[in-house]
Amino acid sequence: MLAQLQALEQTIIAMKKQYTVTATELANLKQRIANDDTPQKIEALQNKLNQALLDIDTYHEQIDQLQQNRQTLEQQVNDLHQANQELISQNQDLKDKNALAISRAEVIRDWLSKIDHSN
């Protein structure tokens, strides 16, 4: 019976040691949980992600607007180029008419000069 009591005492001592180890591990785990800022980090990262997604949407809207502005400007450039070509053509016509008018005026001046010299 003494042997059984000694074995029981050894078992109790082992259980106390195991209890102390388990209690220490539990206290450490509680401390880690109390100091764990993972949820705050996750929330901060989620907020950053949400903001980044909003920024992306804003940038896409700006890109769409800029592309529309670019198309409008390209159309205006094309219209101005066409108007410029028309003005160049009209200018050439006016130069040709002006040259013809100068030529006719010179012919008339020569005739009038001849008429004046013949009188």
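Position one of the sequence shown corresponds to residue 3 (the numbering used here), numbered consecutively onward.
Yeah, the Cβ is synthetic: ideal placement off N, Cα and C, and Gly gets one too.
Close-in-space but distant-in-sequence residues of the same chain around residue i (CB under 8 Å, 5 per side omitted)
i	result
Glu108	none
Gln87	none
Ile127	Because the chain in this structure spans residues 3 to 121, residue 127 falls outside the shown range and cannot be described.
Residue i to residue j span [Cα, whole Å]
i	j	result
Ile14	Ala46	49 Å
Thr74	Lys43	46 Å
Gln20	Asp39	30 Å
Ala5	Met17	18 Å
Lys116	Ile110	10 Å
Asp118	Asp112	10 Å
Gln70	Asn80	15 Å
Gln77	Pro41	54 Å
Gln92	Gln84	12 Å
Ile90	Leu51	57 Å
Beta-carbon proximity list for residue i, same chain, < 7 Å, skipping 5 on both sides
i	result
Gln64	none
**Item:** Length-filtered (3 minimum) beta strand (DSSP E) runs lying within the stretch 42-94
**Value:** With a minimum length of 3 residues, no continuous beta strand (DSSP E) run stays inside the stretch 42-94.
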